[in-house]
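Report on the following structure.
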Amino acid sequence: MSTTAKPVKVHQHIRRKPSDIVFDTCIYIFFGLFTLLCLFPFYYLFINTISANDAVTSGRVNFYPIGIHFQNYVALKDVADLGSSVIVTIARTIIGTALMVIVSAWAGFLVTKQKMWRRSFWYRALVITMYFNAGLIPWYMNMLMLGLTNNFLAYILPGMIAPYNIILVKTYIESIPASLEESAVIDGAGTPTVFLKIILPLSVPILATISIFGAVGNWNSFQDSLLLMSGRPDMYTLQHRLYVYLNQSSNLAALVSGSGSLSTQAAENMLNSRVIKYTVSMVTIVPILLVYPFMQRYFVKGIMLGAVKG
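By the working numbering, the letter at position 70 of the sequence shown is numbered 92, and the numbering carries on one by one without gaps.
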């Protein structure tokens with residue numbers, strides 16, 4: 023009667039030198055301090071928005087909040103046009119990012135096909151746009167002739183074609199085994215079916231990666247709103263509105279403090295223009311920061327796999 027010997031697990035203990043321990047400790051300390059330096063500006067911004075107005079004015083709020091209250095955030099609902107800017111920014115972020123991802127995925131897939139008509143020409147033309155452009159004035163004149171000034175489509179249409187993202191998707195798709203697509207073609211699948219049923223499900227990491235790029239770019243967009251929406255204040259993006267508020271924070275403070283819907287304490291807390299700047303800035307940056315944790319697990323994978331081939 024034969025018996026099957028069970029494999030014996032061998033635990034190897036690597037002896038570390040004192041110099042290795044010291045080096046690792048220094049690395050951990052360095053990156054720990056670096057992380058704190060990166061996080062502290064956001065923390066400082068937040069504690070100033072929830073601290074008492076007199077404490078912020080006197081500069082006593084540095085490492086912890088004083089006289090905690092949240093009336094600053096509640097009072098922002100009474101600020102004119104802020105709500106419309108939030109809606110416009112959310113709409114352009116969702117719609118613009120979704121369309122950019124769809125176009126980038128489809129274009130990146132097409133330029134990997136040898137049978138595409140003049141594939142090399144179109145791909146090179148796409149890459150050239152990353153290095154050369156006509157400049158700001160021709161760009162504005164072009165948008166004016168296309169009727170995209172004071173038009174919400176100005177936020178959507180130009181951003182649908184993102185050369186860098188298309189290149190990332192193309193490189194990622196080229197890393198997918200060609201045998202998967204070949205077997206689908208043998209079974210009778212056409213190009214759209216291959217794209218929808220095989221390529222898209224396997225490209226989730228890179229699509230999540232370019233989604234982060236697109237969402238951050240759309241949310242933080244400022245120049246197009248500043249130049250193209252001069253006649254439509256209701257179409258200002260949140261970043262443009264923040265720019266206006268930072269330049270008019272004193273008037274904004276008077277507006278908010280004069281609102282009849284606020285209590286006396288809330289009005290006193292909103293009198294300081296510095297608090298106005300901090301509060302609006304916090305409202306502007308926090309939503310987009312919350313996107314990254316949900317996409318982080320795809321981000322590194324997508325970038326690394328998309329960078330294997332050139």
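Note that CB positions come from ideal geometry on N, CA and C, so glycine has one too.
Close Cβ partners of residue i (< 6 Å) along its chain, the five nearest in sequence each way excluded
i	result
residue 198	224
residue 90	72
residue 313	237
residue 96	none
residue 60	none
residue 114	177, 240
Residue from the options with nearest C-alpha to residue i
i	options	result
residue 130	298, 218, 188, 308	188
residue 233	51, 107, 123	123
residue 183	141, 311, 145	145
residue 205	297, 220, 237	220
residue 213	136, 240, 175	136
residue 236	185, 254, 216, 196	185
residue 230	43, 58, 191, 202	191
residue 228	246, 75, 196	196
residue 247	165, 70, 149	165
residue 103	302, 148, 76	302
residue 107	45, 174, 155, 81	174
Three-way DSSP call (helix, strand, coil) for residue i in this model
i	result
residue 38	coil
residue 49	helix
residue 136	coil
residue 256	helix
residue 82	coil
residue 72	coil
residue 284	With a pLDDT of 47 at residue 284, under the threshold of 50, the predicted position of this residue should be treated as unreliable, though the coordinate-derived value follows. The answer is coil: DSSP assigns residue 284 none of H, G, I, E or B.
residue 155	coil
residue 118	helix
residue 266	helix
residue 109	helix
residue 309	helix
residue 202	helix
residue 124	helix
residue 129	helix
residue 181	helix
residue 63	helix
residue 87	coil
residue 166	helix
residue 298	helix
residue 54	helix
Span of the alpha helix (DSSP H), counted from its first residue to its last, around residue i
i	result
residue 248	245 to 250
residue 77	75 to 79
residue 174	No alpha helix (DSSP H) contains residue 174, which DSSP labels as neither H nor E.
residue 192	185 to 196
residue 236	226 to 241
residue 149	141 to 150
residue 218	No alpha helix (DSSP H) contains residue 218, which DSSP labels as neither H nor E.
residue 97	93 to 97
Chain B contact for residue i (CB, 9 Å cutoff)
i	result
residue 42	Checking the listed chains, one finds no chain B in this structure; it contains a single protein chain.
Cβ neighbours of residue i in the same chain (closer than 7 Å, five flanking residues each side left out)
i	result
residue 265	244
residue 222	127
residue 162	249
residue 118	177, 178, 181, 236, 240
residue 251	172, 257, 258
residue 83	69, 70, 73, 77
residue 67	300, 303, 304
Residue i beta carbon near the ligand HEM (any heavy atom closer than 8 Å)
i	result
residue 90	As far as ligands go, the structure on display features none, and thus does not contain the ligand HEM.
Cut-off 8 Å between Cβ atoms - residues of its own chain near residue i, not counting five sequence neighbours on either side
i	result
residue 143	none
residue 242	261, 310
residue 207	216
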